[in-house]
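Below is one structure, written out as structure tokens; comments come after it.
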Amino acid sequence: MGAAKAVAALVLLLLVAVAVHVTEVSGSSQTYYELLEVNVEASPKEIRRSFKKLALRLHPDKNPGDPEAHDKFVQLNAAFEVLKDPKLRKIYDEHGEHGVKEAQEGGGNGPGTRQRGGFHSWQYYKDMSLYDDEEDVETFAQKDFWSLAVDSGDTWFVNFYSPGCSHCRDLAPTWKQFAHVLRDAVGVGAINCEEFWNTCQQLHIRAFPTLLLFHKGDGSYTPYRGRARDIESLTAFVERHLPPPLAITALLTPTGHLTSTLHRPLAIAACVSPTTDAETHECVDLALRGKQYPVLLLRRSEAATDYEVFHGDLHPSIVERWISTAKHSRVQTFTPHLFPDLLFDQQFTLVFIDFFAPWCGPCQQMLPAWREASVATAKEPGVVFGSVDCHAYADLCRRFTIHSYPSPIAYLHGTGTPTPFHGNFMSAGALRDFVQATLHPAVIELDAHTFQTDIKQSDEHLWVVDFFAPWCGHCQRLAPEFARAAHNLRGVARLATVDCTREKDLCRQQHVRAYPTVRVYLPGRLPRRVLPYRGHHAADWITAAVREHLPNKVKTMSGLQLDDAAASSDALLLVTFGAPWCRPCLEFKPIFNHVALLLADSPDLAPWTIEFGSIDCQRYRFKCNQLRLPHYPISILFIPGQGNIMIEEQDPEALMRIVIEAAQEAAPPPAVASDGHNAHDEL
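When the letters of the sequence shown are read in order and numbered with mature numbering (1 follows the signal peptide of the UniProt record, and there is no 0), they come out as residues -27 to -1, 1 to 656.
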């Protein structure tokens, strides 16, 4: 009996503790779930639906007579910010509001959200979730997006939007109908970039709406660039990019130079152009059945090195995926019979070799990016991507001091000097940029003398200097990013390195105490103002930081000023249009100024001169509506007497190329009198 009383007392104590915890959770008698009127098992979509309904009813704009409306809505918004984020929701469920506050104060905000500390207008909440009521449109959160749209192996067409964007709201009815029409063919989704900005930033979303088609199986995507956004145009785009039935051809007859024991013969001869997925699975499975240790060779041509060896699991779907990607790649396979002699072959300017082992997991993870990079650099003459199997050819790899896998190493023609790749080997873009930087280096190497003459004794140019040591791991990882930043800033800033193992006195004089140390030397006066760079060791961060210190060539304009300038000037006028709420517009602003600096004195525009402006479309909405702008940011080039050109490009090199080509194709500007008469009138 005493034991039963003890148990009952313990249960009562636990119930009291739970009640106290629930009360402490929100600082009131209601939990976050109760505030949002959902149960604890509610899905993210149910939470967003309920919040939107409550926000429209309880917003202070709709309750001007309630003195507590503001505080109530702040509490409601805080509950939503936590429960919409899987990470913060888990912390809240386990530790209550106190645990969430600790996580946020410690930098633990959810990966896909931005804490605002306040709330938006009523109209914002009216438009915040354009697709939560549509069953055929998957409304992604951060975690859902990467697992469903990118890594699931299905094809997805995703709409990246902002609730404040009128073009996004205009597209919504069409997108819902389109999703219903194609619901059995592809996944159709939407993601609110106001809520999940990190996801949009990782994908370089710079305008709303942005429509990306994610391809089945490999995480790659194709942007929709059409001006028309009707169901017929969207459907035609998807149909063009759906993969055709896989054609597996008769490939595999071993030849004399294939000496590795891994190159066991396997012929796939019966499976030519199967018409359905089921037939494809069946024929690949038949080809593999009965082979104890088969290895597949995909031969793309009769060239001795133009083939790839399959090292994965012999599952039909995996083999199909390998064939569909490998048949388009330019990766060649090298053996001791051909390597290293090819390093001195006249037809090659750069040989990029992946030293790998078939059993190495990271090597397999690198392969898709390696193949994609080989295709992306196809226009570079003499660049070859190759692979060397260090399991089959261990002596060759020992000769080249290969101690870990994968080891991507570039060799410039005729030198045999290795340049190891230290970046993200799962990024095709990083591999491509490394090739470009190796072939066309944009980083200047400084010694004590050139540092003195170019930086200490001259106030020209903005310089960014990386003081490093070759043995430093962080320096090695920074190097490809620094080279990318140098390429991004070519023409407006000079990026340089100082090797502190060779220039010890210089580094000591500059008080360099850690590697890498990056400093920005501003132009305009001596001694120069020196700023330490403390941002991330990433090209985009370095580029953005430097652009903040460039002189401004762009004039802020009103709608009337734009009309006057376009009507009265003899110069080209390049204007960017954006809005304060548009995050891509804010990111494009320094890029546009960068372009302005490069174009201002460009001889390629002759005989034209050029001026630059920017328009705030929130303030001058009438002007922007008059121009029928499809989205923000966007640029327009006004050519005196010859109309204008709308430019959607935000890449600085592409934007410059369009402007220069337009100037060269346009009729020349009105001739300027050269007899001095005009000068006399002005005087």
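Idealized CB from N, CA, C, for every residue including glycine.
Quick caveat, the model's predicted, so the values are computed rather than measured.
Nearest-angstrom Cα distance between Tyr104 and Asp34? Cα to Cα, the separation comes out at about 24 angstroms.
What is the DSSP secondary structure of Ala163, reduced to helix, strand or coil? DSSP, read as helix, strand or coil, puts Ala163 in strand.
Go ahead and pull the three-state DSSP assignment for Met339. Correct three-state label for Met339: helix.
Beta-carbon separation (whole angstroms), Ala636 vs Glu584, contact threshold 8 angstroms: Beta-carbon to beta-carbon, Ala636 and Glu584 are separated by about 13 angstroms, too far to satisfy the 8 angstroms threshold.
I'd like the span of the alpha helix (DSSP H) that includes Asn598, first residue to last. Asn598 -> alpha helix (DSSP H) spans 594 to 599.
For Pro625, which residues from the same chain have a beta carbon less than 6 angstroms from its beta carbon, with the 5 sequence-adjacent residues on both sides left out? Within the same chain, Pro625 has close Cβ partners Ile564, His567, Val568.
Who are Asn132's beta bridge partners in DSSP? Beta-bridge partners of Asn132 (DSSP): Ala163, Leu184.
By alpha-carbon positions, which one of Asp537, Pro136, Phe130 ends up nearest to residue 659? Absent from the structure is residue 659, since the part of the chain shown begins at -27 and ends at 656.
Quick check on the DSSP output: what are the complete alpha helix (DSSP H) runs of length 4 or more inside the segment 9 to 42, in order along the chain? Listed in chain order, the alpha helix (DSSP H) runs fully inside the segment 9 to 42 are 17 to 31, counting runs of at least 4 residues.
Length of the line joining the Cα atoms of Arg344 and Lys300: So the two alpha carbons sit approximately 10 angstroms from each other.
On the criterion of 16 or more Cβ atoms from any shown chain inside 10 Å, does Cys497 qualify as buried, or is it exposed? Residue identity differs from the one stated: residue 497 is Gly in this sequence, not Cys. Under this definition Gly497 is an exposed residue.
Can we say the segment 369 to 383 touches the segment 317 to 331, given the rule of at least three CB pairs closer than 8 angstroms? Yes, the segment 369 to 383 is in contact with the segment 317 to 331.
Roughly how many angstroms lie between the CA atoms of Ala512 and Asp406, to the nearest whole one? If you take the alpha carbons of Ala512 and Asp406, they lie about 11 angstroms apart.
Is Thr86 helix, strand or coil by DSSP? In this prediction, Thr86 scores a pLDDT of 38, lower than 50, which makes its location untrustworthy; the coordinate-derived value is nonetheless stated afterwards. When secondary structure is reduced to three states using DSSP, Thr86 falls in the coil class, being assigned neither helix nor strand.
So for Ala383, helix, strand or coil by DSSP? In the structure shown, the three-state DSSP call for Ala383 is strand.
Other residues of its chain near Arg475: CB distance less than 8 angstroms, five sequence neighbours each side excluded: Take Arg475, set aside five residues on each side of it, and the residues of its chain with a beta-carbon closer than 8 angstroms to its own are Asp420, in chain order.
Residues bridged to Phe329 [DSSP beta-bridge criterion]: The beta-bridge partner set that DSSP reports for Phe329 consists of Asp362.
Which value, in whole angstroms, describes the spacing of the CA atoms of Gly649 and Ala639? Because the pLDDT of Gly649 is 41, which lies under 50, any placement of that residue in the model is unreliable, and the number read from its coordinates should be weighed accordingly. CA-to-CA, the gap between Gly649 and Ala639 works out to about 27 angstroms.
Rounded straight-line distance, which links the Cα of Asp362 to that of Pro331: Within the model, the alpha-carbon separation for Pro331 versus Asp362 is close to 7 angstroms.
If you draw a straight line from the C-alpha of Asp127 to the C-alpha of Tyr194, how long is it? If you draw a straight line from the Cα of Asp127 to the Cα of Tyr194, it is about 12 angstroms long.
Looking only at its own chain, which residues have a Cβ that is under 6 angstroms from the Cβ of Ser347, when we skip the five neighbours before and after it? Closer than 6 angstroms at the Cβ level, and outside the excluded window around Ser347, lie Ser302, Arg303, Val304, Phe358.
Distance check for Arg21 and Asn36, CA to CA, integer angstroms please. Arg21 has its alpha-carbon roughly 21 angstroms from the corresponding atom of Asn36.
My understanding is that Trp170 touches Val110, with C-beta atoms under 8 angstroms, so please give their C-beta distance in whole angstroms. In fact, because the Cβ distance is near 20 angstroms, the residues do not count as touching under 8 angstroms.
Short check: CB of Ala539 to CB of Leu546, under 7 angstroms? With contacts defined as CB atoms closer than 7 angstroms, Ala539 and Leu546 qualify as a contacting pair.
State the DSSP-derived secondary structure class of Phe440, mapped to helix, strand or coil. DSSP, reduced to helix, strand and coil, places Phe440 within a strand of the structure shown.
Between Leu144 and Leu602, what straight-line distance do the alpha-carbon atoms span, to the nearest angstrom? For Leu144 and Leu602, the gap between their C-alpha atoms comes out near 14 angstroms.
Would you kindly report the start and end of the unbroken alpha helix (DSSP H) that includes Gly446? If you look at Gly446, you'll find it in the alpha helix (DSSP H) that goes 446 to 461.
Could you tell me whether any Cβ in chain B is nearer than 7 angstroms to the Cβ of His484? Included in the structure is just one protein chain, with no chain B present.
Skipping 5 residues on each side, what residues in its chain have a beta carbon closer than 6 angstroms to that of Gly551? Here the set comprises Cys558, Tyr605, Pro606.
From Ile164, Pro146, Glu7, residue whose alpha carbon lies closest to that of Ser135: Comparing Cα positions, the closest option is Ile164.
What do you reckon, are the CB atoms on Gly586 and Lys528 nearer than 7 angstroms? The Cβ atoms of Gly586 and Lys528 lie closer than 7 angstroms to each other.
Where Thr374 falls, given that 16 or more other Cβ within 10 Å makes a residue buried: Exposed, because fewer than 16 other Cβ atoms sit within 10 Å of the Cβ of Thr374.
Looking at the strands, I want to know which residues DSSP matches up with Lys528. Paired residue(s): Gly586.
Can you give the Cα-Cα distance for Glu571 and Ala114, rounded to whole angstroms? For clarity, residue 571 is Leu in the given sequence; the question names Glu instead. Cα-Cα distance, rounded: 40 angstroms.
Compute the distance between the beta-carbons of Val159 and Val211, then report whether it is under 7 angstroms. Yes, the pair counts as a contact, with Cβ atoms nearer than the cut-off.
At which residues does the alpha helix (DSSP H) containing Asp478 begin and terminate? Unbroken alpha helix (DSSP H) run through Asp478: 477 to 482.
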